[in-house]
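2 protein chains.
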Amino acid sequence: MAKRNSRDAYEAVFGALAHAARRRVLLAIFFNGGAMTAGEIAAMFAHAWQTTTRHLQVLEAAGLLSHERQGRMRVYRIEQKRLTLVSDWLAHFQNAAKRRKGGIQNVRSKQAGRGEAA
Amino acid sequence: MAKRNSRDAYEAVFGALAHAARRRVLLAIFFNGGAMTAGEIAAMFAHAWQTTTRHLQVLEAAGLLSHERQGRMRVYRIEQKRLTLVSDWLAHFQNAAKRRKGGIQNVRSKQAGRGEAA
DNA sequence: CGAATATTCAGCATTATGGCTGAATATCCT
DNA sequence: AGGATATTCAGCCATAATGCTGAATATTCG
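Keeping their order, the protein sequence lines are chains A and B.
Following our numbering, the numbering of the first sequence begins with 831 at its first residue and continues without gaps.
Following our numbering, the numbering of the second sequence begins with 831 at its first residue and continues without gaps.
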């Protein structure tokens, strides 16, 4: 319970990617074949293992990682598909069609009512 | 002085994208032709204008926006090129070559010394 | 000039984050 | 069983991030 697409999905994914250590974890797991044990991951950082544990939880909560127990160790696997959420978001900016070209020139003369839009 | 590529560039950009309001600002400006006044942007949100001002500063510090004064109003323009930093990062995961396939199977049997690597 | 408009700057309070240390759990080995 | 190994859980603290309100600043208009 925590990854129903859209809504907070973006929130979780972008939030997870906001920390260098977490981005590093994803990259490391990826280049390691897609999976790594918690210990291997924790060993990459200078901070306490427990701190990494928390990062792993954030990544997992965002759906970017999943884990599976293997004996007494825990293997984390990267969920690449989840990253498409980011590329999808970026894709918006590719859509040159919807861009209402002109911008700056006709910018002044608007500025009217301050509506709300949560 | 604060956007020498790499190092903190990723930090700044991913950090800026971590907040929904800021992602919304980028999208809005983009679909508005690439530029919008501070007031127009602030009007999209339910929170105080000053709060938006801060978001705009974060985005600008990350190099995702730039501004220019136009009379008594300030026009913010989106710096799309800066977004390539994100797609570049995502591209790593496309490189199927470097992936050392196999993963899980040979995962146990490692777990050795905990080195540091800030 | 003086009022109105458009915006940012400053400082404050609250909440979120990230890192630490000390348990607690679950396996594995002998 | 008892100890070592692999990890997470809990709770604490310092710092960062967000949102708010009250100035302050620059520009335009009558």
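Glycine included, each C-beta is placed from N, C-alpha and C at the ideal position.
Please read all numbers here as calculations on a predicted model, not as lab measurements.
> Using a C-beta cutoff of 7 Å, does Arg848/A count as contacting chain B?
Replying inline: The amino acid occupying residue 848/A in the given sequence is Ala; Arg does not appear at that position. Yes, Ala848/A counts as interfacial toward chain B.
> If the cut is a Cβ gap below 9 Å, which residues of chain B does Arg853/A touch?
Replying inline: Those within 9 Å of Arg853/A in chain B are Tyr840, Phe844, Trp919.
> When DSSP builds the beta bridges, which residues end up paired with Ala865/A?
Replying inline: Beta bridge pairing from DSSP links Ala865/A with Arg907/A.
> Considering Gln880/A, what are the terminal residues of the beta strand (DSSP E) in which it resides?
Replying inline: Per DSSP, Gln880/A belongs to no beta strand (DSSP E); it is in the alpha helix (DSSP H), 879–891.
> With DSSP run on the structure shown, which of helix, strand or coil describes Ser896/A?
Replying inline: When DSSP states are grouped into helix, strand and coil, Ser896/A belongs to the strand group.
> Does the beta carbon of Gln910/B sit closer than 7 Å to a beta carbon anywhere in chain A?
Replying inline: Among the residues facing chain A, Gln910/B is included, as its CB has a counterpart in that chain under 7 Å away.
> Grouping DSSP H, G and I as helix and E and B as strand, with all else coil, what is His922/A?
Replying inline: Here DSSP, grouped into helix, strand and coil, assigns His922/A to helix.
>> Distance cutoff 7 Å, beta carbons only. Does His897/A sit that close to anything in chain B?
In response: So, not an interface residue.
>> For Thr882/B and Ala872/B, which I take to be in contact (beta-carbon distance under 8 Å), what is that distance rounded to the nearest angstrom?
In response: Confirmed, about 4 Å.
>> So that I know if they touch, is there some Cβ in chain B lying closer than 7 Å to that of His922/A?
In response: For His922/A, the answer is yes, since a Cβ of chain B falls inside 7 Å of its Cβ.
>> Give me the chain A residues within the contact set of Val916/B, using Cβ-Cβ distance strictly less than 8 Å, ordered along the chain.
In response: Residues of chain A whose Cβ lies closer than 8 Å to the Cβ of Val916/B are, in chain order, Val916, Leu920.
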